[in-house]
Amino acid sequence: MPTSVLISGAGPVGLTMAVELARYQVPIRIIDKATARTDKSKALAVWSRTLELLDGSGCARDLIQAGLKTRAVVIMSGTKTIARVALDELDSPFPFVLMAPQSETERVLEERLASLGVAVERNVEFIDLEQSDRGVRCKVRRPDGEIEVVESDWLIGCDGAHSPIRHQLGMPFEGETVPGNFVLADVHVSGLEVPDAEFPIFWHRSGMVGFFPIARDRYRVIADVGIGEKQEPTLEDVQVIVDQRGSGGIKLTDCIWIASFGVNERKVKEFRKGRTFLAGDAAHIHSPAGGQGMNTGMQDAFNLAWKLAMVVNGDAKADRLLDSYDVERSDNAAQVLKDSGRMLRIGTMQNVAGQAVRDFLVHQLVGLSFVEHAAAERLSELTVGYAQSPLNGGAAKGATFAKPGQRMPIDAQYGGGSSPRFVVFANDRNQAGPTLKRYSNLVEETIRGPSGGEGICLVRPDGYVAMTAHDGEWDQVDTYLDRLTTT
């Protein structure tokens, strides 16, 4: 079978991309130079919005079984609570952050991919590419050392921060290296006096240290260690930091993984060049503050996959739909870089007077319920939206639905099934017949209830509002869908 899409990289982002395209019946291949998926915990947090999207792909429930539900983030100074951000009031079927080792996330995704009849081709390395208006020719090195030429219609680089595909295309990775070094350790922890469903971040005059649950009594500990020569840390080094910055009496034992790392904040200007797309760390990297990195990359995949599937399957024209990927996800990545950078600098500031002001302001502000709720929504990525998207249609004056580009509040699964379909919410269903028949390849055949709004609301396969119209204005829906198929 001809390859419509070649995906390079089988981490969480590449696997998500592969699962989405495969369930949409797009012929794909996915390669990775590693001989096996990771056995490290690496990225842990899976936020509410990502879980909503994973639910559509059939992965959320299995992943939840493999992780821990955490329902609050707590910022502390010693034994004093500075702020607490509760997640259990979120307007989502998943009002928590799931803490799951990346090894488990990859396992769940790869098993789902296998159920769709696609296997990851491991120990296969991308070498170089040539692309034209008609397709992409890639050279890859197979496990036996032989060079294979893979011809595909499209190429997606999910190949990490050092992306060979990005380098081949000469796409600048603009940004900066953040001064300072950090240490992480996956360890068993005793004496941490916080509820199991919360994770604490301690602010101290010498820096910060955070505890992120992996399994019962097992945590990821992350701390900044200042500017200086990067050294390989030991468990004893981390214990000293915890003794100094924590609440007292916390003991670390049985270290499973320990490493030092630096932070870069970088992003490509464009996520697409010709018939090649970048996603995940290949397109953007930033600090781990907020745990947004893997989620942002996986949402790159959810954004691109339904668009590419519609184009490959002949249901929509390429230019306008695929160009929107860069606009939507580049803006989002820029905001994530800004937010994570701000969180990092706030948490690691060294000025003692500034720390006192920080602690006071955060305590007062997050103590306000609306600020706490807004912080929870932003962390959980429920506020991710595409206000400037070229795919946004009209907004009916006075409509009570979410606005075009905003996430549609979840009361049902979007994007499930074997073909990407728009969803229609409407009170008036009597006049919908011609529209549903004419665009049966683009729109679900069943109109859903009003979902708290009046009029007509067209929702994209990824759960974002495409357009709204008043009752009876089905011609507006026709016009919107016409633009997808003719431009």
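Read in the working numbering, the sequence shown has 273 at position 273, and its numbers run on one by one without any break. From the three backbone atoms N, C-alpha and C, an ideal C-beta is built for every residue, glycine too. Just so you know, these numbers come straight off a predicted model, no measurement behind them.
| Check | Outcome |
| --- | --- |
| Which of helix, strand or coil DSSP assigns to R245 | helix |
| Close beta carbons around S369, own chain, < 8 Å, minus the five adjacent residues each side | none |
| Exposed unless 16 or more other CB atoms sit within 10 angstroms - verdict on I227 | exposed |
| Check whether L184 and I250 have beta carbons under 7 Å apart | no |
| Paired residues, beta bridge with H284 - DSSP | K267 |
| V238 vs V263 beta-carbon contact at 7 Å | no |
| Cβ-Cβ distance between W47 and N332 below 7 Å | no |
| Identified DSSP bridge partners for I410 | The partner list for I410 (beta bridge, DSSP) is empty, contrary to what the question assumes. |
| 4-residue-minimum alpha helix (DSSP H) runs that sit fully inside the region 358 to 386, ordered along the chain | 369 to 379 |
| Reference V124; option with closest CA among G117, G135, K139 and E130 | K139 |
| Rounded separation between A215 and A18 - CA only | 28 Å |
| CB of A305 within 7 Å of CB of E52, strictly | no |
| With 16 other Cβ atoms within 10 Å as the buried cut-off, status of T348 | buried |
| Proximity of I28 and V13 at Cβ, strictly below 7 Å | no |
| Minimum C-alpha distance to G175 - residue among K338, I30 and K69 | K338 |
| C-beta atoms of H286 and S206 nearer than 7 Å | no |
| Of the listed residues G170, L169, D217 and E198, nearest to V187 (C-alpha basis) | D217 |
| C-alpha distance - Q431 paired with Q25, whole-angstrom precision | 32 Å |
| Cα-Cα separation between D315 and E104, rounded to whole angstroms | 35 Å |
| Nearest to A197 (by Cα), restricted to the options I258, A72, L278 and A466 | A72 |
| Status (buried if at least 16 other CB within 10 Å, exposed otherwise) for L484 | buried |
| Outcome for T3 when other beta-carbon atoms lying within 10 angstroms are tallied against a minimum of 16 | buried |
| Span of the beta strand (DSSP E), counted from its first residue to its last, around L458 | I456 to V459 |
| Opening and closing residue of the alpha helix (DSSP H) in which T3 lies | No alpha helix (DSSP H) contains T3, which is instead part of the beta strand (DSSP E) from T3 to S8. |
| Three or more C-beta pairs below 8 Å linking the region 316 to 329 and the region 72 to 82 | no |
| Touching by the beta-carbon criterion (3+ pairs, under 8 Å), the region 150 to 168 and the region 275 to 285 | yes |
| Simplified DSSP state of G226, which is helix, strand or coil | strand |
| Exposure label - R342; buried when at least 16 CB within 10 Å | exposed |
| Euclidean distance between Cα positions of D300 and V371 | 28 Å |
| Beta-carbon gap between F202 and V209 smaller than 7 Å | yes |
| C-alpha gap between I256 and K40, whole angstroms | 9 Å |
| Between the CA atoms of G472 and Y480 - distance to the nearest angstrom | 15 Å |
| Through-space distance from Q65 to V150, alpha-carbon basis | 37 Å |
| Spatial distance of P233 from R378 (CA atoms) | 33 Å |
| S488 classed as buried or exposed, judged by whether at least 16 other C-beta atoms fall within 10 angstroms | No information on residue 488 is available, as it lies outside the stretch 1 to 487 that the chain covers here. |
| Selection from Y439, Q406 and G455 that minimises the alpha carbon distance to F425 | G455 |
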